[in-house]
Amino acid sequence: MSFEAWTIFALFWVVFVTTPGPNAVNCITNGMNLPFPKAMIGVLAILTQASLFLILSALGVTALIAASPTGFFIAKLVGAGFLIWLGIRGWIRATIPVQAEERPARHIYLHALAIAVINPKSVAGYLAAFSQFVQPDVPIMQQMLVIMPTALIITALSYTGFTTLGAVLGRAALGAVFNVWVRRVMAICFIIYGVLLGTSAAPQARG
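Residues in the sequence shown are numbered from 376 upward in steps of one, following the working numbering.
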């Protein structure tokens with residue numbers, strides 16, 4: 376990959392991972408409700424998903440999933456239901472005073488991983504990256520040595536930023552009415568993302 380191609384890819388990835396979506400909302404929520412070191416477990420889960428999707432994209436598996444309308448339809452309905460459920464639960468619990476949560480690290484990790492995996496933006500983004508930036512005449516593993524570290528570093532920085540934002544909001548909103556509305560906005564975001572996921576069309580790989 377040339378320096379020019381790498382620069383274009385890096386800029387694409389910055390936009391891709393800094394555009395707010397379910398992962399960002401979950402990171403903000405974790406930052407608000409959990410001690411910061413524990414909230415960062417959610418970022419680790421997103422990096423796990425990113426690594427998996429990068430490898431699958433290189434192997435062409437995500438393109439295969441996107442090419443299966445039935446599989447995509449079932450997956451998006453399950454994902455939509457999960458996000459809507461998170462939103463409804465978040466709205467109902469918004470008035471409950473925030474307390475230091477003792478959620479097991481495993482629960483935080485699996486919860487964040489589930490949100491990351493069902494995110495339709497991920498499939499579309501990885502397909503776009505591999506259809507636009509990978510050079511067909513260069514061995515894929517050679518290109519992955521550049522693509523993967525770049526994508527993972529940018530992803531880590533982005534979602535660490537969202538988690539930090541949540542921690543700042545959490546400290547500013549402790550015990551305040553503002554806290555309820557912030558949490559309700561986060562809940563509404565999950566519901567909106569769920570509805571958008573349920574009504575989305577299958578992403579298409581571009582030749």
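The beta carbon of each residue, even a glycine, is placed where N, CA and C say it ideally should be.
Cβ-Cβ distances below 7 Å link residue 562 to 462, 465, 466 and 469 in the same chain, with the five nearest sequence neighbours on each side left out; the list follows chain order.
Residue 377 counts as exposed, since fewer than 16 other beta carbons sit within 10 angstroms of its beta carbon. Exposed is the label assigned to residue 480, since fewer than 16 other Cβ atoms lie within 10 Å of its Cβ. Taking the Cα positions, residue 416 is about 27 Å away from residue 384.
With respect to residue 569, residue 405 sits apart: the two C-beta atoms are not nearer than 9 Å. In this structure, residue 401 lies away from residue 529, with their beta-carbon atoms at least 9 Å apart. Here residue 435 carries a coil assignment [DSSP, helix/strand/coil]. Taking residue 428 as reference, the option from 560, 523, 460 and 559 with the minimal CA-CA separation is 523.
Between residue 419 and residue 526, the C-beta gap is not smaller than 9 Å, which leaves the two residues out of contact. Distance from residue 398 to residue 421 at the Cβ level is roughly 6 Å; contact confirmed, criterion being Cβ atoms closer than 8 Å. About 5 Å separates the CB atoms of residue 433 and residue 515; that is less than 8 Å, so the two are in contact. Counting the other CB atoms within 10 Å of its CB gives residue 460 a total below 16, which places it among the exposed residues.
Under the three-state reduction of DSSP, residue 521 is assigned to helix. Here DSSP, grouped into helix, strand and coil, assigns residue 396 to coil. Linking residue 389 to residue 407 through their CA atoms gives a straight-line distance of about 24 Å.
Judged by beta-carbon spacing, residue 453 lies within the 9 Å limit of residue 493, meaning their Cβ atoms are closer than that value. Shown here, residue 494 sits in coil according to DSSP, grouped into three states, outside any helix or strand. Here residue 543 is exposed: its Cβ has fewer than 16 other Cβ atoms, across all protein chains shown, within 10 Å.
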